[in-house]
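Residue numbering for the sequence shown is 5 to 228, as defined by our numbering.
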Amino acid sequence: MALVTLRVLDGADRGRTFEEIPTPLTIGREDGNAVQLNDERVSRFHLKIQEDHHRIVLTDLQSTNGTKVNGEGVQLWILRPGDVLSVGHSLLLFGSREEIARRLAALREGRPDGGIPLEMDELEDPTESVPLEFELGFGDDPDVQETLHTLLPPELPQALAPGQAGQLAELLYYVHLRLRGLIQSARPKGKSDRITLEQRQWQNILDLQDRIAGYLRAIGEPGD
Numbered sequence: 005m006a007l008v009t010l011r012v013l014d015g016a017d018r019g020r021t022f023e024e025i026p027t028p029l030t031i032g033r034e035d036g037n038a039v040q041l042n043d044e045r046v047s048r049f050h051l052k053i054q055e056d057h058h059r060i061v062l063t064d065l066q067s068t069n070g071t072k073v074n075g076e077g078v079q080l081w082i083l084r085p086g087d088v089l090s091v092g093h094s095l096l097l098f099g100s101r102e103e104i105a106r107r108l109a110a111l112r113e114g115r116p117d118g119g120i121p122l123e124m125d126e127l128e129d130p131t132e133s134v135p136l137e138f139e140l141g142f143g144d145d146p147d148v149q150e151t152l153h154t155l156l157p158p159e160l161p162q163a164l165a166p167g168q169a170g171q172l173a174e175l176l177y178y179v180h181l182r183l184r185g186l187i188q189s190a191r192p193k194g195k196s197d198r199i200t201l202e203q204r205q206w207q208n209i210l211d212l213q214d215r216i217a218g219y220l221r222a223i224g225e226p227g228d
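Shown next, in the form of structure tokens:
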């Protein structure tokens with residue numbers, strides 16, 4: 005059972021800390037939520053946070069106003085220390101100061117490729133000394149936020165059944181082939197640094213984005 009810490013950065017509950025709450029937990033407006041927010045734009049039971057295969061997973065519970073992580077609307081998201089959750093008028097920071105400082109240090113050591121993934125057991129090492137000075141300017145330091153919120157290449161899910169692995173491979177193969185065709189259709193424009201695409205290929209890019217968005221919604225809200 006994982007323990008998670010959430011701090012309210014903005015909203016009616018600004019300044020509150022929900023420390024080391026056991027998973028699974030829900031966030032919402034009503035009694036019965038482990039994290040109850042006084043925010044009229046937060047749904048009664050807005051989102052769920054749970055541990056699965058040593059990952060902390062956020063699931064939006066079909067909330068009225070949706071959930072954003074690091075500014076992006078999501079239905080499902082693997083949370084990491086330093087992620088910022090936006091629900092209603094409230095802004096919540098995921099992770100303790102120690103967890104965030106460790107992840108920030110690891111990401112900076114792992115550059116220039118944007119950092120390295122960090123396992124939860126690394127974050128829970130109590131023997132490691134952690135500098136917390138960055139916390140003083142977390143909200144105002146764009147370098148800290150950019151580092152923590154860098155999108156890293158995700159790992160493939162583990163322990164998939166053969167049918168699930170086949171479906172995932174088929175989906176990735178489809179996207180790969182579409183992207184390969186679009187890349188091969190691009191043409192350099194003279195001696196400049198610009199690449200041109202025909203209008204038809206641009207529409208293909210938009211269609212691919214639309215299909216991926218549909219896949220994400222279907223995964224996040226399988227009952228729709």
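Ideal Cβ positions, reconstructed from N, Cα and C, are used throughout, including at glycine.
>> How far does the alpha helix (DSSP H) with PRO166 in it extend, from its first residue to its last?
In response: 166-189
> Alpha carbon to alpha carbon, how far is GLN188 from VAL179?
Replying inline: 14 Å
>> Need the endpoints of the beta strand (DSSP E) that LEU65 sits in, please.
In response: Premise fails: LEU65 is in no beta strand (DSSP E) and is neither H nor E.
> What beta strand (DSSP E) runs, 3 residues minimum, are completely inside the stretch 9-91?
Replying inline: 21-26, 29-32, 51-56, 59-64, 71-73, 76-78, 80-83, 88-91
>> VAL46 and GLY92 - do their beta-carbons sit closer together than 7 Å?
In response: yes
>> Rounded to the nearest angstrom, what separates ASP35 and LEU172 at their Cα positions?
In response: 39 Å
>> Does the stretch 71-91 come into contact with the stretch 38-55, if we say contact requires no fewer than three beta-carbon pairs (one atom in each stretch) closer than 8 Å?
In response: yes
>> So, for GLY99: in the same chain, excluding its five sequence neighbours on each side, which residues have a beta-carbon less than 7 Å away from its beta-carbon?
In response: THR9, PRO85, GLY86
> Who does SER94 pair with in a DSSP beta bridge?
Replying inline: VAL91
>> Using the Cβ count rule (16 or more neighbours within 10 Å means buried), how would you classify ARG198?
In response: exposed
>> Looking at the strands, I want to know which residues DSSP matches up with ILE199.
In response: PRO192
>> Can you look up LEU156 in the DSSP assignment and give me helix, strand or coil?
In response: coil
> Once you ignore the five residues that flank GLY77 on each side, which residues in its own chain have a CB closer than 8 Å to its CB?
Replying inline: GLY70, THR71
>> Let me check one thing: in DSSP terms, what residues is LEU7 bridge-paired to?
In response: PRO26
>> Can you look up GLU139 in the DSSP assignment and give me helix, strand or coil?
In response: Residue placement at GLU139 is flagged as unreliable, the pLDDT there being 46, under the threshold of 50; a coordinate-derived value is accordingly withheld.
> Given ASP17, which residues of its chain have a CB within under 8 Å of its CB, disregarding the five upstream and five downstream residues?
Replying inline: LEU41, ASN42, ASP43, SER94
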